[in-house]
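For reference, the structure discussed in these notes is given below.
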Amino acid sequence: MPELPEVETMRRGIASIVGRKIVSVGRLPCERRPIGVTPELDRWRRVVGCVITAVERVGKRVVVVLASGDRMIFEPRMTGLVLLVDPPTTDHLRFCVDLSTPRQPLQLLYWDRRGLGSVRLMTDAEFAATFLTGKVGPDALAISRRDFSGRFAGCRQPIKVALLDQRRLAGVGNLYASELLFLAGVHPTTPCDGLTAEQWDEIHRRMRKVLLTAIRHEGSTLSDGTYRTALNQAGGYQNHHRVYDRAALPCSTCGQPIERIVQAQRSTFFCPQCQSLPREEN
DNA sequence: CGTTCAACCTGGGCGC
DNA sequence: TGCGCCCAGGTTGAAC
15 MPELPEVETM RRGIASIVGR KIVSVGRLPC ERRPIGVTPE LDRWRRVVGC
65 VITAVERVGK RVVVVLASGD RMIFEPRMTG LVLLVDPPTT DHLRFCVDLS
115 TPRQPLQLLY WDRRGLGSVR LMTDAEFAAT FLTGKVGPDA LAISRRDFSG
165 RFAGCRQPIK VALLDQRRLA GVGNLYASEL LFLAGVHPTT PCDGLTAEQW
215 DEIHRRMRKV LLTAIRHEGS TLSDGTYRTA LNQAGGYQNH HRVYDRAALP
265 CSTCGQPIER IVQAQRSTFF CPQCQSLPRE EN
């Protein structure tokens with residue numbers, strides 16, 4: 015579930031590793047398959063002794079930048095966590111970067127219950143070829159209003175489905191797509207090419223607002239409790255959800271029951287009263 | 001080119 | 001109490 019706010023919270027949570035030198039890297043004591051760690055561990059030896067110069071974010075990935083130009087990319091997908099403290103359980107610990115000094119122990123850990131995520135090591139050239147060539151769209155918090163609607167020009171897909179396409183726009187996932195469309199008052203099935211300029215204004219504005227507010231609350235920890243901050247704390251934004259996972263519960267604005275539909279194999283939640291239908295259907 | 005969909009996984013919740 | 005089933009969503013890549 016980690017989307018932009020959760021991954022940004024992870025990024026901020028490990029920012030204190032900047033300036034540290036890598037002592038060693040390795041998979042954790044458990045003998046599980048080397049899921050999601052590439053390349054093979056012996057090729058990671060080149061990072062030992064390198065200093066960490068920055069911790070960045072590309073869409074839903076945390077990027078640890080080394081003085082050599084190499085980058086370690088942590089992609090949590092559904093259940094991955096980047097941690098500076100003990101993980102929720104030891105059995106799904108996947109990877110460890112030891113940053114200890116003689117005076118102060120410190121380990122950067124990657125934990126992933128379902129193992130759909132990954133940790134990758136890339137040179138700066140590999141990183142540029144993978145993430146800076148249009149395969150990942152502009153960040154949802156960096157894009158201007160003008161560029162925003164331009165990314166969806168000529169698109170006939172429903173706005174909810176299009177918002178999830180990371181090549182158009184990076185960072186919005188299933189949860190925040192439903193939330194931002196509720197706040198914008200836009201029905202999730204509205205085709206992109208059927209949206210007015212005023213609606214694009216509102217979607218862009220509410221997208222920024224919901225992402226920034228969720229970051230302030232350190233992300234959303236759902237009922238399964240998987241998502242945690244880098245210090246293994248729950249987020250707080252789940253208490254502010256207006257529609258996500260609230261099917262049949264009353265809308266907090268109008269009291270109408272929230273509806274759940276499926277779009278592109280994923281749940282969409284919306285209020286049929288507050289979110290106006292596409293004009294074609296009116 | 002657009003779009004649909006299975007696959008990758010584990011564990012929580014549900015019905016029986 | 002326990003078993004089997006479904007579901008959760010991010011991304012990739014194959015199929016249509």
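When the letters of the first sequence are read in order and numbered with our numbering, they come out as residues 15 to 296.
Where is the CB? At the ideal position from N, CA and C, for every residue including glycine.
Return the chain-ordered list of same chain residues with a C-beta closer than 8 Å to the C-beta of residue i, the five sequence neighbours on each side being excluded.
i       : result
Glu-45  : Interpretation of Glu-45 is limited by its pLDDT of 49, a score under 50 that renders its predicted location unreliable; the figure taken from the coordinates is listed afterwards. Result list for Glu-45: empty, nothing under 8 Å.
Ala-176 : Phe-166, Cys-169, Arg-182, Cys-206
Pro-101 : Leu-95, Leu-107, Leu-123, Trp-125, Asn-246
Leu-130 : Gly-50, Arg-91, Met-92, Thr-93, Gly-94
Pro-264 : Gln-270, Pro-271, Ile-272
Out of the options, which one is the CA nearest neighbour of residue i?
i       : options                            : result
Gly-13  : Leu-146, Leu-195, Pro-205, Asn-188 : The first residue shown for the chain is 15 and the last is 296, placing residue 13 beyond what the model contains.
Asp-138 : Ser-234, Leu-55, Gly-83, Ser-38    : Gly-83
Gly-40  : Asn-253, Leu-122, Val-69, Leu-236  : Leu-122
Glu-17  : Val-111, Ala-262, Ala-191          : Ala-191
Leu-291 : Cys-265, Gly-199, Ala-278          : Gly-199
Arg-91  : Gly-27, Ser-132, Met-24, Ala-248   : Ser-132
Phe-141 : Leu-120, Thr-282, Val-77, Thr-23   : Val-77
Ser-36  : Arg-60, Ile-28, Val-51, Ala-29     : Here residue 36 is Ile; the residue named in the question, Ser, does not match the sequence. Of the candidates Arg-60, Ile-28, Val-51, Ala-29, the one whose C-alpha sits nearest the C-alpha of Ile-36 is Arg-60.
Asp-215 : Arg-26, Gly-50, Leu-195            : Leu-195
Gly-299 : Glu-212, Met-15, Arg-117, Gly-187  : Because residue 299 is not part of the residues shown, which for the chain are 15 to 296, the question remains open.
Ala-262 : Gln-252, Arg-274, His-255, His-254 : Arg-274
Gln-213 : Asp-238, Gly-239, Arg-160          : Arg-160
Thr-203 : Pro-172, Ala-211, Thr-235          : Pro-172
Thr-144 : Met-86, Val-111, Gly-208, Arg-128  : Met-86
Does the beta-carbon distance from residue i to residue j come in below 7 Å?
i       : j       : result
Leu-245 : Val-21  : no
Phe-109 : Val-96  : no
Ser-23  : Gly-250 : The sequence shown places Thr at residue 23, not Ser. Taking 7 Å as the Cβ cut-off, Thr-23 and Gly-250 do not qualify as a contacting pair.
Arg-220 : Leu-189 : no
Leu-114 : Leu-120 : Just to set this straight, residue 114 is Ser in the shown sequence, not Leu. Yes, these two residues count as a Cβ contact at 7 Å.
Gly-63  : Gly-185 : no
Lys-174 : Gln-277 : yes
Gly-50  : Thr-243 : no
Thr-235 : Ala-248 : yes
Arg-75  : Arg-25  : no
Give every residue of the same chain whose Cβ lies closer than 6 Å to the Cβ of residue i, excluding the five residues on either side of it in the sequence, and list them in chain order.
i       : result
Gly-33  : none
Thr-52  : Arg-134
Gly-269 : none
Thr-282 : Lys-174, Ser-192, Pro-202, Ile-275
Ile-229 : Pro-19, Glu-22
Asp-238 : none
Going along the chain, which residues of its own chain have a beta-carbon closer than 7 Å to the beta-carbon of residue i, five neighbours each way excluded?
i       : result
Ala-68  : Val-32, Val-79
Trp-58  : Val-39, Leu-135
Val-201 : Here the sequence assigns His to residue 201, which means Val is not the residue at that position. Same-chain partners within the cutoff: Phe-284, Gln-289, Ser-290, Leu-291, Pro-292.
Ala-154 : Leu-18, Leu-183, Ala-184, Gly-185, Val-186, Met-221, Leu-225
Just checking my contact of residue i with residue j at CB under 8 Å: how many whole Å lie between their CB atoms?
i       : j       : result
Ser-266 : Arg-256 : 6 Å
Glu-193 : Tyr-124 : 27 Å between Cβ atoms; not a contact.
His-254 : His-231 : 7 Å
Could you say if the stretch 63 to 82 and the stretch 158 to 168 meet the contact criterion of at least three C-beta pairs nearer than 8 Å?
-> no
For the 8 Å Cβ check, are there 3 or more pairs between the stretch 279 to 290 and the stretch 223 to 240?
-> no
Counting Cβ pairs, one atom from each stretch, are 3 or more of them under 8 Å apart for the stretch 135 to 153 and the stretch 172 to 187?
-> yes
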